[in-house]
Every structure is written in C-alpha cells, then in structure tokens.
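Everything in the sequence shown is counted per this note's numbering, starting at 2 for the first residue and increasing by one. Reading through the structure tokens given below for one structure.
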Amino acid sequence: MWPRHTGDFSMFRIYAGKDNKPAPYSPDNVPYKPKKSLSVAMNGMNEGDFTMVFGFPGRTTEYLPSEAVNQIMTVNDPAKILIRDKALAVIDKYMRSDEAIKIQYASKYAGISNAWKKWQGEVLGLTNTHAVAKNKNMRLNIPGY
Numbered sequence: 002m003w004p005r006h007t008g009d010f011s012m013f014r015i016y017a018g019k020d021n022k023p024a025p026y027s028p029d030n031v032p033y034k035p036k037k038s039l040s041v042a043m044n045g046m047n048e049g050d051f052t053m054v055f056g057f058p059g060r061t062t063e064y065l066p067s068e069a070v071n072q073i074m075t076v077n078d079p080a081k082i083l084i085r086d087k088a089l090a091v092i093d094k095y096m097r098s099d100e101a102i103k104i105q106y107a108s109k110y111a112g113i114s115n116a117w118k119k120w121q122g123e124v125l126g127l128t129n130t131h132a133v134a135k136n137k138n139m140r141l142n143i144p145g146y
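This is how it looks when you write it as structure tokens:
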C-alpha cells in the first residue's frame, strides 16, 4: 500500500520564432522544438525499460536492527495512526458540514491522510512479511553482529 501522491507537475508549450530561437510575442510564433526531450510511454512497460524515480526515497531505514523495526511496527506507527484517526474524524465532520470548510481543509486533510495511509501500509507490510523475524535471522548470519 502506497500513500497518495498528487502528481503535481506543470506542462508548458513554449513558443519561439520561426527559426526556433527566442522571440518576442508574435502571432507568427511556433511551438519551440527542443533538440532532445523525454517521451512518455503510452503502451505500458517492457523488461529492461528505463525508469526514473525522482525524489523518493529521501532516506532509508534498510539497516535498522530488528528491535527498531519491531518498535516501528508495534508502537510508533500504531500511535501515529491513532492520532491521525482522531484528527481526520474531526476534520471530516466539519468538512461534511460546510462546502467552504471542505475547500479550505481539503489540502490539510489530504496531507494528514497521506501519512496515515503510509503508516498503515508500513505496519501491514512489516507484519505480513514477518520483517522482524527475517531481520533477526539475517543479522544472526552476519559475522560481527
């Protein structure tokens, strides 16, 4: 389970002179044609296709000891989920009562919901994959641990 991503981006059509060089506004301007550009695959993916992931993850917890993984799974994330359960319920109540409030709080609600969903998925994933036991077993087999 992944958190919600809004996919914020902008697309611009840049106009240039007929010679493809910068030019002041003119009805004769044409869309700029760059020497190179990224294409968007519209037919799905194939084995070995280039994939670019931008900005995620910013950090890793890959090397946490099993005690820390267990703490995240059984204490930290459940506490954060519970707090967000309460906050989302309060905000939702008021958002449902008034359209103006709904608009004003939509972004805040989405942000809180994003973290809430991430932690739920994290607990589910760690639990279903038996991550703590696997982590302990892996570390038992590493010399010096």
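Cβ atoms here follow ideal geometry from the backbone N, Cα and C, with glycine treated the same way. Treat the numbers as computed from the prediction; the structure is a model and nothing was measured.
Asked: Proximity below 8 Å, CB of A16 to CB of P32; Found: In the sequence under discussion, the amino acid at residue 16 is Tyr, which differs from the Ala named in the question. It is a contact, given that the beta carbons lie within the stated cut-off.
Asked: Straight-line gap, I73 to T52 (C-alpha atoms, nearest Å); Found: 30 Å
Asked: Unbroken alpha helix (DSSP H) run spanning M96, endpoints; Found: D78 to S98
Asked: Bridge partner(s) assigned by DSSP for Y26; Found: BP columns for Y26 are empty, so no partner.
Asked: Cα-Cα separation between K119 and P23, rounded to whole angstroms; Found: 45 Å
Asked: N-terminal and C-terminal residue of the alpha helix (DSSP H) that S11 is part of; Found: Run containing S11: none; DSSP gives neither H nor E here.
Asked: E63: first and last residue of the uninterrupted alpha helix (DSSP H) it sits in; Found: Careful: E63 lies outside any alpha helix (DSSP H) and carries neither H nor E.
Asked: Coarse secondary structure for V133, derived from DSSP in three states; Found: helix
Asked: Coil, strand or helix - A17 by DSSP; Found: strand
Asked: Closest Cα partner of L39 within the set K137, A80 and M12; Found: M12
Asked: DSSP three-state assignment for V124, whether helix, strand or coil; Found: helix
Asked: Contact set for V70: own chain, Cβ-Cβ below 7 Å, skip 5 residues either direction; Found: L127, A132, V133 and N136
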